[in-house]
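Peer 1: Let me give you the structure first, and then I'll get to my questions.
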Amino acid sequence: MRQAFGLLCALLAMLCLGGSDVAASATRAPRLALVIANGAYANYDHLAKTGVDGDRVAAALGATGFTDASGAATVQVNRDLTLAQMQAKVAEFREKLAAAGPEAFGVLYFSGHGAALSSFGDPALVPTDADRQLTAGSLSLTRAYLTRTLLGSGAKNILIVLDMCRNVVAASAVDAPAAPLADAGVGVQAGSKGLRRLIHQSDGAFRPDQGYLVAFSTSPDQVAFDDGTFSRVFAEEIRRPQQNIADALKRTSDRVAVTAVKASKALQKPTFDYGLQGSPPCFVSCDLNNQDRFYDCANCPYMRVIPAGTARLGSPLTEPRRQRDEPVQHDVAIDRPFAMGVYAVTISEWAACVRDKACRAISDWSKENPNPSIPVTGISFEDAQGYVAWLSVQSGLPYQLPTETQWEYADRAGAATVFPWGDAITPGDANYDQTASYHGSPTAPYRGYPEAVGAYPPNAFGLYQMNGNAWTWTQGCADQPCRSRILRGGSFQSAPEELRAANRFAADASRKRDDAGLRVVRELSPDEALH
Numbered sequence: 030m031r032q033a034f035g036l037l038c039a040l041l042a043m044l045c046l047g048g049s050d051v052a053a054s055a056t057r058a059p060r061l062a063l064v065i066a067n068g069a070y071a072n073y074d075h076l077a078k079t080g081v082d083g084d085r086v087a088a089a090l091g092a093t094g095f096t097d098a099s100g101a102a103t104v105q106v107n108r109d110l111t112l113a114q115m116q117a118k119v120a121e122f123r124e125k126l127a128a129a130g131p132e133a134f135g136v137l138y139f140s141g142h143g144a145a146l147s148s149f150g151d152p153a154l155v156p157t158d159a160d161r162q163l164t165a166g167s168l169s170l171t172r173a174y175l176t177r178t179l180l181g182s183g184a185k186n187i188l189i190v191l192d193m194c195r196n197v198v199a200a201s202a203v204d205a206p207a208a209p210l211a212d213a214g215v216g217v218q219a220g221s222k223g224l225r226r227l228i229h230q231s232d233g234a235f236r237p238d239q240g241y242l243v244a245f246s247t248s249p250d251q252v253a254f255d256d257g258t259f260s261r262v263f264a265e266e267i268r269r270p271q272q273n274i275a276d277a278l279k280r281t282s283d284r285v286a287v288t289a290v291k292a293s294k295a296l297q298k299p300t301f302d303y304g305l306q307g308s309p310p311c312f313v314s315c316d317l318n319n320q321d322r323f324y325d326c327a328n329c330p331y332m333r334v335i336p337a338g339t340a341r342l343g344s345p346l347t348e349p350r351r352q353r354d355e356p357v358q359h360d361v362a363i364d365r366p367f368a369m370g371v372y373a374v375t376i377s378e379w380a381a382c383v384r385d386k387a388c389r390a391i392s393d394w395s396k397e398n399p400n401p402s403i404p405v406t407g408i409s410f411e412d413a414q415g416y417v418a419w420l421s422v423q424s425g426l427p428y429q430l431p432t433e434t435q436w437e438y439a440d441r442a443g444a445a446t447v448f449p450w451g452d453a454i455t456p457g458d459a460n461y462d463q464t465a466s467y468h469g470s471p472t473a474p475y476r477g478y479p480e481a482v483g484a485y486p487p488n489a490f491g492l493y494q495m496n497g498n499a500w501t502w503t504q505g506c507a508d509q510p511c512r513s514r515i516l517r518g519g520s521f522q523s524a525p526e527e528l529r530a531a532n533r534f535a536a537d538a539s540r541k542r543d544d545a546g547l548r549v550v551r552e553l554s555p556d557e558a559l560h
């Protein structure tokens with residue numbers, strides 16, 4: 030099963046899996062949960078907050094229609110389990126999911142210590158009776174094992190949430206003589222839920238419509254602090270309506286990272302192993318407008334599949350304010366679908382690249398607009414290339430800037446008019462220099478700064494603010510050696526004619542424009558598109 034996040038859903042007829050209320054969703058698909066909170070370890074540091082973690086998550090799941098894996102009406106917290114007890118609970122959970130039928134939605138939440146048997150071993154849950162000499166037997170409840178086992182029940186969707194550290198590695202007989210966890214010399218941090226790296230293993234679904242999402246409370250080589258931050262935020266997002274589970278985990282990831290930084294702690298950035306298919310289920314209710322978007326990693330932008338087809342690009346010779354470098358209107362065929370960012374890359378998404386020292390820090394518009402969802406600006410083409418290179422490493426997938434053809438095809442979304450929404454423009458259509466008029470258009474006072482990336486309605490492909498707010502760097506060249514690159518779409522500083530779908534603007538590739546940002550695309554693999 031590929032880790033690309035739900036691409037088939039954008040090419041299928043969309044059916045919202047979450048209802049307008051909990052009762053409707055519970056009727057439609059059985060929901061079962063297993064919550065384990067290990068804190069009283071015999072041979073390792075006691076964890077004070079895991080019980081609180083379990084209580085929060087169990088209560089939130091119960092409030093959104095989940096019943097307990099044991100069959101109890103309310104979700105129970107299983108505290109301080111030994112290996113045999115954990116194995117028995119997982120087996121019982123699998124049996125209950127199987128009995129619930131092929132539409133079942135199962136959630137397993139674990140708070141406690143975690144470890145791996147080697148630097149690249151699969152992360153595993155540590156039982157309370159684990160010996161100081163950690164072995165393959167005591168670490169048998171791995172991410173891969175849990176995923177395969179629970180999918181084997183036939184349930185349609187499985188969510189596994191592992192609230193534990195990923196900076197502790199246990200030596201095994203395979204690697205070296207066994208060493209105690211606390212003495213392994215790998216920087217076990219006090220107050221943390223002690224893993225190193227995980228290796229992605231192929232978890233083939235038993236049915237094409239089955240899917241899973243494994244969520245980690247922190248990233249590889251990072252700690253998960255035993256302070257309840259992750260469980261508190263996650264429980265709040267479980268209760269938030271109008272989002273599917275993938276969106277809930279992405280919001281959790283962003284919020285936990287911000288909270289950890291504000292608390293002056295080491296970075297704790299939740300991440301995921303994603304294998305959902307079609308429309309992800311929802312805890313409370315689904316937003317139909319967001320059911321066909323996806324993302325490829327915790328720090329990756331939201332994407333949508335742009336379908337193949339034929340469109341009329343360029344501008345007719347009679348179009349007002351037409352520029353000489355614009356191609357004459359002509360039909361262009363896009364043979365294969367591709368994925369494009371739902372929004373321009375935001376300053377919060379750029380900040381993740383800065384934290385990894387792969388992008389340079391930029392000034393923002395916090396004095397004018399402190400919203401973290403405004404587009405990143407003040408970047409050059411070279412800066413944008415650095416971001417997509419970092420994103421490709423993060424996701425393991427080939428991200429890039431859009432070609433001019435991809436950009437205009439996605440912008441028009443089937444329209445052959447001056448703007449994607451028609452031949453006229455008004456201040457309610459986009460963020461631009463609204464003191465200027467296009468072909469008699471109405472005017473408004475000048476705003477002078479970018480707005481949130483979702484501030485205006487999307488186009489027919491579900492893409493927001495392709496026109497206005499921030500220029501988009503593309504791969505297009507304006508000269509033979511490609512020292513000058515093409516931007517598209519216009520910005521908050523632009524006259525309205527610059528927002529025309531066919532308009533092109535050239536700038537030096539190294540020039541840092543305070544109204545230029547980026548939007549990403551990536552090609553789809555053959556198994557990510559319908560045949």
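Going from the sequence shown to this note's numbering is simple: count from 1 and add 29. For every residue, glycine included, the Cβ atom is placed at its ideal position computed from N, Cα and C. These numbers were taken from a predicted model, which means no experiment stands behind them.
Within the same chain, show all residues whose beta-carbon is closer than 7 Å to that of ALA102, passing over the 5 residues directly before and after it, in chain order.
Peer 2: The residues are THR96.
Peer 1: Within the continuous beta strand (DSSP E) that includes ALA340, where are the two ends?
Peer 2: Note, ALA340: beta strand (DSSP E), 338–342.
Peer 1: Buried or exposed, going by whether 16 or more other CB atoms sit within 10 Å of the CB of CYS311?
Peer 2: Classification for CYS311: buried.
Peer 1: Shortest alpha-carbon distance to LEU179 belongs to which of PRO349, ALA127 and PRO431?
Peer 2: Checking every option, the nearest Cα to that of LEU179 belongs to ALA127.
Peer 1: In the DSSP assignment, the alpha helix (DSSP H) including SER377 goes from what residue to what residue?
Peer 2: Counting along the chain, the alpha helix (DSSP H) containing SER377 begins and ends at 376–384.
Peer 1: Using 8 Å as the threshold, is the region 429–437 in touch with the region 499–512, meaning 3 or more CB pairs across them?
Peer 2: They touch, by the three-pair rule.
Peer 1: Would TYR416 pass as an interface residue toward chain C - the criterion being a Cβ-Cβ separation below 8 Å?
Peer 2: Considering every chain present, this structure includes no chain C. It has just one protein chain.
Peer 1: Below 6 Å CB to CB, which residues in the same chain sit around ARG441 once its five sequence neighbours on both sides are set aside?
Peer 2: Counting only Cβ-Cβ distances below 6 Å, and skipping sequence neighbours, we find ALA340, PRO449 and ALA530.
Peer 1: Quick check: the Cα distance between GLU437 and VAL374, rounded to an integer number of angstroms?
Peer 2: Their Cα atoms are separated by approximately 18 Å.
Peer 1: Just checking LEU305 against the ligand GDP - is the residue's beta carbon closer than 7 Å to any of the ligand's heavy atoms?
Peer 2: With respect to the ligand GDP, the structure offers nothing, as it holds no ligand at all.
Peer 1: At which residues does the alpha helix (DSSP H) containing GLY91 begin and terminate?
Peer 2: Where GLY91 is concerned, the enclosing alpha helix (DSSP H) stretches over 79–92.
Peer 1: Can you name, in chain order, every residue of its own chain whose Cβ lies under 6 Å from the Cβ of ARG350, other than the five neighbours on each side?
Peer 2: Excluding sequence neighbours, ARG350 sits near GLU526.
Peer 1: Relative to the C-alpha of GLN251, which candidate in PRO366, ARG195 and HIS142 has its C-alpha closest?
Peer 2: That would be ARG195, whose Cα lies nearest to the Cα of GLN251.
Peer 1: Once the 5 residues before and after ASP84 are set aside, which same chain residues still bring their CB inside 7 Å of it?
Peer 2: Excluding positions up to five away in sequence, the list reads VAL106.
Peer 1: In three-state DSSP terms, what is GLN429?
Peer 2: In this structure, GLN429 counts as strand in the three-state DSSP scheme.
Peer 1: Would you mind reading off the limits of the beta strand (DSSP E) that contains LEU516?
Peer 2: Counting along the chain, the beta strand (DSSP E) containing LEU516 begins and ends at 513–517.
Peer 1: Could you say which of ASP458, LEU137 and LYS78 lies nearest to PRO486 if we only look at CA atoms?
Peer 2: Of the candidates ASP458, LEU137 and LYS78, the one whose C-alpha sits nearest the C-alpha of PRO486 is ASP458.
Peer 1: So, for VAL405: in the same chain, excluding its five sequence neighbours on each side, which residues have a beta-carbon less than 6 Å away from its beta-carbon?
Peer 2: For VAL405, where only same-chain residues beyond five positions count, the Cβ hits under 6 Å are VAL374, ILE376, TRP379 and GLY546.
Peer 1: Look at the alpha carbon of THR562 and the alpha carbon of THR258, and state the distance between them as a whole number of angstroms.
Peer 2: One cannot answer for residue 562 here, as it falls past the ends of the chain, which runs 30 to 560.
Peer 1: At 3 residues or longer, what runs of the beta strand (DSSP E) sit wholly inside the region 122–176?
Peer 2: As far as the region 122–176 is concerned, its whole beta strand (DSSP E) runs of at least 3 residues are 134–140.
Peer 1: Can you pull the DSSP bridge partners for TRP500?
Peer 2: Answer is ALA545.
Peer 1: Just to confirm, are ASP462 and SER513 a CB contact at a threshold of 8 Å?
Peer 2: Going by C-beta atoms, ASP462 is not nearer than 8 Å to SER513.
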